[in-house]
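A.B. asks:
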Amino acid sequence: MPSNFPTFGLMRNWETPFGPVYAGQEAFQALDAWLLEHRESYSQVLILTDEQVHEACIPFILGNLAHLGESSILEIESGESSKSLDLLGQLYLALLDYGADRQSLVLSIGGGVVTDLGGMLASTFMRGVDHVLIPTSLLGMVDASIGGKNGVNVGSFKNLAGTFAPSCGVYVQPDLLTSLPEAHWRAGWAECLKHAYLMGSHVWEEAIALRELAHLRPLLPHLMEAKIQRIQTDPFEQGLERKALNLGHSMAHAAEAHLGPDLLHGDAVAAGMWLEFDIAESMGLCAAEDVAAMKNIIDHWWPERLRLDDQVIDRLRGDKKNHAGAVRMALPGAPGAPVTLTEVSEFNIKKALASYASN
Ligand SMILES: NC(=O)c1ccc[n+]([C@@H]2O[C@H](COP(=O)([O-])OP(=O)(O)OC[C@H]3O[C@@H](n4cnc5c(N)ncnc54)[C@H](O)[C@@H]3O)[C@@H](O)[C@H]2O)c1
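Count along the sequence shown from 1, then add 45; that gives the number in this note's numbering.
#1: Looking at the secondary structure, which residues open and close the beta strand (DSSP E) in which L113 lies?
#2: Distance cutoff 7 Å, beta carbons only. Does G245 sit that close to anything in chain D?
#3: Quick check: is any heavy atom of ligand 1 less than 6 Å from the C-beta of G156?
#4: I'd like to confirm something about L181: is its beta-carbon nearer than 6 Å to some heavy atom of ligand 1, or not?
#5: Look up P414 in the DSSP assignment and give the residues it is bridged to.
#6: Find out if the Cβ-Cβ distance for the pair A72, Q218 is shorter than 7 Å.
#7: Can you look up A210 in the DSSP assignment and give me helix, strand or coil?
#8: If you reduce the DSSP assignment to three classes, tell me which class V187 lands in.
#9: Can you give the Cα-Cα distance for Q97 and A300, rounded to whole angstroms?
#10: Taking C-beta to C-beta, are P62 and P280 nearer than 7 Å?
#11: Report yes if the CB atom of D335 is closer than 7 Å to the CB atom of A379, and no otherwise.
#12: Counting C-beta neighbours from all protein chains within 10 Å, is the total for N341 16 or more, i.e. buried, or is it exposed?
#13: Under 6 Å Cβ to Cβ from L136, same chain only, skipping five residues before and after it: list those, please.
#14: Consult DSSP for K128 and reduce its assignment to one of helix, strand or coil.
#15: State the Cα-Cα distance for the pair L361 and D355, rounded to the nearest angstrom.
#16: Helix, strand or coil: how does DSSP classify N291 here?
#17: Using 7 Å as the threshold, is the C-beta distance between A206 and G157 below it?
#18: Given this structure, state the Cα-to-Cα distance separating F209 from C331, to the nearest angstrom.
Laid out in C-alpha cells, this is it:
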C-alpha cells in the first residue's frame, strides 16, 4: 500500500447522527471505558449473537471487557433466515423470560444479520432500549453496523419492516475478521467495492489493485468513511447522499428475493452492481471505461454468474426507491461523483440481464 494509506493500528472514531463509531486495535478498550462509566445504570446486558460468532468471537470479546459484569447470551441460528418477524417475536418473549426491562442494554455481536435484528429488537422492545453493536463480519464493519438502519425481512421482501435508531456505539475491532469464513470475506468485499467507488478514484484504485482480501486492513477506515460521510450529511436518506449507498441494491434485493436466502447478500450486491452499471451505461449516465472497470473487478472476484432471468423484474416492485409504481434505481456516474436516482425502463433491465447471462 502507498504511504498515504496509513496502517490501521491507531484508533479512529467518528460522531454520527446515530451514535459514535470507534474502529481500530483499541476498540474494545474504548467500549470497556464506556462500560466502566455506564454499566451501573443498566439493569442487565443481553448479548445477541449467532452460533458461529458465539464460538469464534465471544470468548475473545468478553475477555477484553473487564467492566461488562454479568450478561446473558441469546443465541440465534446464523444466516439470513433469522432476520424474520417470527424470530423477532420469539426474541421479545425471550427478553421477558430473562427479566428484561426498559433499563436493559442489548449488545449485538455478529454480522449484519445479528446487528440488523438486534437493532430492530432493541429499538422496539418496550418502545426501545439501549443498544451497542460489535460487528464481526467485513460487511458488518464497513456497512451494516453503521447508520442506524435496522430491519427484518417479510416474506420474500428484504428489510420490509425496519427502524432508524441510534445506538450507544459501534465498536469495530478488525482482528475479529481472522475467523471469518472465506465466502463471507468475498461477500463483504462487494460492499467495499461499492464504498471505494463512491469515495472516488484515490480509494477505488487501491481497491481495484488489491489481490488478497486479508490485506485490506489499511483500506478499512476509508471504506467505513464512505458510509459515515453520507449518514452525517443525509441521515434519513431524504436526499441523494445516503441513497448513493443503494448502488447495486435494487437488482441485488430482487436477486435475493428471486433466488432465496441461501444467496449471500454481498454476492447479490456484486451481481446487482454489474447489472446496474450496465444499465447506467445504456442510459448514458456512466462512462464505458468506468463500467468496464467495475464489471472487470466483479468478474475477477465472482467468476460464476448468478442464474437470473426476467422474472427478477417482478421482484423489483417492492423496492423502497420506487415511486408511483415506476421502478427507480440509484445509478452511478464517475468514481466519487453523485449518483442519479432515476426511473429505469424494463427494456434496459432486460438488456442488462441478457448481457449478464451471456458474458
Ligand atoms: N443495516 C444496514 O445498513 C445494512 C447494510 C448492509 C447489509 N445489511 C444486512 O446485513 C446482512 C448481511 O450481513 P453479513 O454478510 O455480515 O451476514 P451474516 O450476519 O449472516 O454473517 C455472515 C456469516 O459469517 C459468520 N460470521 C460473522 N462474523 C464472523 C467471524 N468473525 N468469525 C466467524 N464467523 C463469522 C456468521 O455467523 C454468518 O454465518 C443482510 O441481512 C443485509 O441485509 C444491513
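Glycine included, each C-beta is placed from N, C-alpha and C at the ideal position.
C.D. replies: With the structure as the only source:
#1: Looking up residue 113 in the sequence shown gives position 68. That residue, L113, is in no beta strand (DSSP E); it is neither H nor E in DSSP.
#2: Of the protein chains in this structure there is only one, and it is not chain D.
#3: Counting from 1 along the sequence shown, the entry for residue 156 is found at position 111. Under cutoff, so the answer is yes.
#4: Translated into positions along the sequence shown, residue 181 becomes position 136. Sequence inspection shows Thr at residue 181; the Leu mentioned does not correspond to that position. Yes, the Cβ of T181 comes within 6 Å of a heavy atom of ligand 1.
#5: It is not possible to answer for residue 414, since the shown part of the chain is limited to 46 through 404.
#6: In the sequence shown, counting from the first residue as 1, residue 72 sits at position 27. In the sequence shown, counting from the first residue as 1, residue 218 sits at position 173. Cβ atoms of A72 and Q218: closer than 7 Å.
#7: Position 165 of the sequence shown, counted from the start, is the residue given in the question as residue 210. Three-state result, A210: coil.
#8: Walking along the sequence shown from the start, residue 187 turns up at place 142. Three-state DSSP puts V187 in a helix.
#9: The residue labelled residue 97 in the question sits at position 52 within the sequence shown. The residue labelled residue 300 in the question sits at position 255 within the sequence shown. If I take the Cα positions, the gap works out to 26 Å.
#10: Here residue 62 corresponds to residue number 17 of the sequence shown, with the count starting at 1. Here residue 280 corresponds to residue number 235 of the sequence shown, with the count starting at 1. Closer than 7 Å, so yes.
#11: Here residue 335 is taken as the residue at index 290 of the sequence shown, counted from 1. Here residue 379 is taken as the residue at index 334 of the sequence shown, counted from 1. The answer is yes: Cβ separation under 7 Å.
#12: Here residue 341 refers to the residue found at position 296 when the sequence shown is read from its first residue. Classification of N341: exposed, given that the 10 Å Cβ count is below 16.
#13: Taking the first residue of the sequence shown as position 1, residue 136 is located at position 91. Hits under 6 Å: L166.
#14: By one-based count along the sequence shown, residue 128 stands at place 83. If DSSP states are grouped into helix, strand and coil, K128 belongs with coil.
#15: Here residue 361 refers to the residue found at position 316 when the sequence shown is read from its first residue. Here residue 355 refers to the residue found at position 310 when the sequence shown is read from its first residue. Going from the Cα of L361 to the Cα of D355 covers about 11 Å.
#16: As a first step, residue 291 is located in the sequence shown; it is residue number 246 there, counting from the start. Helix, per DSSP.
#17: As a first step, residue 206 must be located in the sequence shown, where it is residue number 161. As a first step, residue 157 must be located in the sequence shown, where it is residue number 112. Not a contact, by the Cβ cut-off of 7 Å.
#18: Working through the sequence shown from its first residue, we reach residue 209 at position 164. Working through the sequence shown from its first residue, we reach residue 331 at position 286. Approximately 31 Å, taken between the alpha carbons.
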